[in-house]
Amino acid sequence: MGKVVRAIAGAAIAGIGVIIGNPQLALAGGNLFWTSVAAIALSPGQKAPRAQPTTAQIGEVARSGIFGKAAVAGSLVDAYNHGGKYGTDWTVLIIALADHRCEALEGFYVNDQYVAFAGDGMVAGYKEQLQVFWRPGTWDQAVPSYVLTTAPVFPAGHALAGQPTWTANDRGRGVSYVVVGYKADKSDAKDPVWTSGRPQFLWVVKGLQVYSARDDSTVAGGSGAHRWDDPETREWSDNLIDCRYTWARGIYAGDRVDEPDMLLLGRGLTAVEAPPEHVAFYANICDEPVALKAGGTEPRYRANGQWSADQEFVDVELMFASACGGVLIEREGSVEVEPGHAKSPVWSITDDDLVVGTQVTRRDVPTRTDNDWVNTVAARYIEPSQKYKLHGAPVRRSTADVIADKGPREATPALDLVTSGTQAQRVAEMARRLGRLWKRRSIVLPPRFAGVEHGDWLLWNSARYGGTMLMRVESDQLGREWRNTLSLRQVSADFADWNAALDELDDKSVAVNPDVPGGIGAPGAGAWSVALVGNTLVITGAADDDYASSIIFEFASGSAPDPDVDDDWTLISTGGQTATRAELAGVAVDTDYYAAVSYVVDGERGDRLVLGPVSYASEDVPPGPVTFLSVTPGVGEADIAWRNPTTSNFDYVVVYSATTTDFEDAVAVSGELRGGLGADGAFNHVVAAGVRSWWVQPFSDDDVPGAIAGPVTATVT
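Numbering-wise, the sequence shown is residues 1 to 717 according to UniProt numbering.
In structure tokens form, the structure reads like this:
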């Protein structure tokens, strides 16, 4: 194993030398640490998955980044309220998603409901109670105007009292963030938006724009416009090796890659320490199309997930290695992730090549405590269809192996950067196949084999130590006499082979999103009707829901109201389950009126049935009623008196009379009697003796009849 590899691992415990004052012990500890880490990376993997926060983190948090596409909760930058009588109707959250420029916000989860991001502003489907704004993390990005107009000022007593807490200069340079504002439901909302209290959000982000050495014409073998020192040439990709190389070179504040002090994330290596010409071969392996059983293809190895600055470098390296069934190797002094793939042996030896007098360590059968001994692999990965939760891929096992091993030998590799179930299966199957190859050897080779490096494949034709073996170099150590001490493990040329039709297993787990039970429905279309009777809006009908405990009658005027927006409606009355009628008097002329009927069931209000519109024109308006109607009987006559209506469209009245009190029997006894508005009117009716009744009805200038006054009954002598 090379010195550079040891240095990376040793950095995790370099502080030991400082604490105990013994740098040699720190170095030894680093070597031991690396040996154990290498074993994990090369075995099926026992490392527990990193817990991804599902709610926004509060307080000081480590800087973080996003490879490929991932769902992140983010960290809370600020929160405040605004709007309404008490300034609390809206809650605004400002949430940082990544400490670098991102490609796009694809969508987000509101509780368990996914919503595609359609741009800044109100989010459709939430009754104008939800709005989202996204900023990608560019240097000069603008603060959303929504924040500038709604953010509070600093309180009294603060050094900046009275000044706004957010200004146009608070750009969040180099930070991708969202602003989400949600409005609380009214206490009596019939169909509340936030049925589970405060909503929770999870943001689906296409993250880091990466540098591809393959697309850089200045790199040997490269072709294209990418340049490391010009971040504007970068593009989004989830190619595992391109993501890993960009991280290794470093993510810098404001993409200032020429200023080492601006390093925020990653290792910050130079082109000498991480040669770009080493990238192309492994990146091409990751892009190889792999057939899917359902049809189509997918890239062989992708990286999609989140990482943070508080992770050790070696842990991030292992995340990459695990995602591609690969290993960490050293090549010409630089550390690389080598994706899982079959290789041709670059060295061939026999027993005669071994240094005479040196020991050969041999192991052909594993021990019960050996983690490399595996017959069952249950990989865990991040499943997008289950809200990016950790999910178990179909278990890879051979029943014959389980029987031969007298029981299961399980491994559960955690694939933190894998969001494809089929990629997880391929990685797990490679681990299972390697878990059946048990031969391990430790040998010493002479100086002519000094070039053998960690990760090389070697073919050993041995008469004394196990026959012909295909081995992989797990570690190499050059001694003072240029003798190369190698640790070898058995591999096979077909361990990474994949036939989708035969090898891909169906995921038998079922993710079910049950339909949300519907709310209380609206009344049936024929249950209620609305009409205008004179200038009175009349709603009639009967409840068609046996479970309705009460009935709510409402109206709206003018433009067509939204059935779901409470502010568009005004209450007329509330009736019991047996109510059949509601009235609204004094409606305006030349105006459309709408009525709404809804039921209350078990305290929950249902949807509105909207009726109308109905209206009447000004020429159809009746005049107001006459008042102070009286009759003074005499001998052979009667004097009828009244006061005319005061409405401007009044024109005349007609007097009616009958020998009964039923208007149906009445006849007109006068002509059109005109007079001023509100003036006293009179009519002398010459009539035979007897008991009679009189009525007076006003008419408009369009001959529209008004309300009939009467009867007044008197006896003529």
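Positions of the beta carbon are idealized from the N, C-alpha and C atoms, including for glycine. Just so it is clear, the structure is predicted and the values come from calculations on it, not from any experiment.
Whole-number beta carbon distance between residue 691 and residue 715, since they are thought to touch under 8 Å: Contact holds; Cβ gap of about 5 Å.
Near the ligand ADP: residue 293 beta-carbon under 7 Å from a heavy atom: Absence of the ligand ADP from the depicted structure is noted, as is the absence of any ligand whatsoever, leaving it without description.
Assigned exposure category for residue 460 - 16 Cβ within 10 Å defines buried: buried
Rounded C-alpha distance that separates residue 378 from residue 491: One C-alpha to the other measures close to 21 Å.
Own chain, CB closer than 8 Å to residue 710, minus 5 neighbours either side, in chain order: 629, 656, 663, 693, 694, 695 and 696
Residues sharing a beta bridge with residue 389, DSSP: 383
Residue 620 versus residue 562 - alpha carbon distance: 29 Å
Length of the line joining the Cα atoms of residue 718 and residue 421: Since the first and last residues shown for the chain are 1 and 717, residue 718 lies out of range.
DSSP-derived helix/strand/coil call for residue 658: Residue state, collapsed to three classes: strand.
Alpha-carbon spacing of residue 636 relative to residue 713, whole angstroms: 15 Å
Integer-rounded CB distance, given that residue 177 should sit under 8 Å from residue 96: In this structure residue 96 is in contact with residue 177, their Cβ atoms being roughly 5 Å apart against a cut-off of 8 Å.
Beta-carbon proximity of residue 361 to residue 444, cut-off 8 Å: no
C-alpha distance - residue 170 paired with residue 137, whole-angstrom precision: 12 Å
Sequence-distant residues of the same chain with beta carbon closer than 6 Å to residue 308, five excluded per side: Sequence-distant Cβ neighbours of residue 308 in its own chain, meaning closer than 6 Å and more than five residues away, are 62 and 64.
Inter-residue CB distance, residue 530 and residue 614 (contact presumed, cutoff 8 Å): 6 Å
Ranges of the beta strand (DSSP E) found wholly within the segment 433-487, counting only runs of at least 3: Counting whole runs of 3 or more residues, the segment 433-487 contains the beta strand (DSSP E) stretches 440-445, 457-462 and 467-478.
Completely contained alpha helix (DSSP H) runs for the segment 60-85, where each covers 4 or more residues: none
Uninterrupted beta strand (DSSP E) stretches inside the segment 93-130 (no shorter than 3 residues): 102-110 and 113-116
C-beta contact flag for residue 292 and residue 496 at 8 Å: no
For residue 71 and residue 388, the rounded distance between their alpha carbons: 6 Å
Residue 474 burial status per 10 Å Cβ neighbour count (16 or more: buried): buried
Per DSSP, the bridge partner or partners of residue 191: Partner(s): none; residue 191 has no beta bridge.
Contacting residues, own chain, Cβ-Cβ under 8 Å from residue 155 (five flanking each side not counted): 161
Residue 598 vs residue 577 beta-carbon contact at 8 Å: Their beta carbons are not under 8 Å apart, which means residue 598 does not touch residue 577 by this criterion.
Min CB distance residue 575 to chain C below 8 Å: Among the chains in the structure shown there is no chain C, since it carries only a single protein chain.
As assigned by DSSP and simplified to three states, the class of residue 544: Assigned with DSSP and collapsed to three states, residue 544 falls in coil, not helix or strand.
Which of helix, strand or coil DSSP assigns to residue 182: strand
Segment contact, 8 Å Cβ cut-off, at least three pairs: the segment 362-374 with the segment 426-446: yes
Proximity below 8 Å, CB of residue 214 to CB of residue 283: Yes.
Unbroken stretches of the alpha helix (DSSP H), 4 residues or longer, contained in the segment 210-296: 240-249 and 279-287
Beta-carbon proximity list for residue 419, same chain, < 6 Å, skipping 5 on both sides: 304, 382 and 384
Whether residue 410 touches residue 520 by CB criterion (8 Å): no
Enclosing beta strand (DSSP E) for residue 595 [first to last residue]: Residue 595 -> beta strand (DSSP E) spans 593-601.
Cβ-based burial, residue 408 [other Cβ within 10 Å; buried from 16]: exposed
CB of residue 152 within 8 Å of CB of residue 80, strictly: yes
6 Å CB neighbourhood of residue 243 in its chain, flanking five on each side removed: 67, 210 and 303
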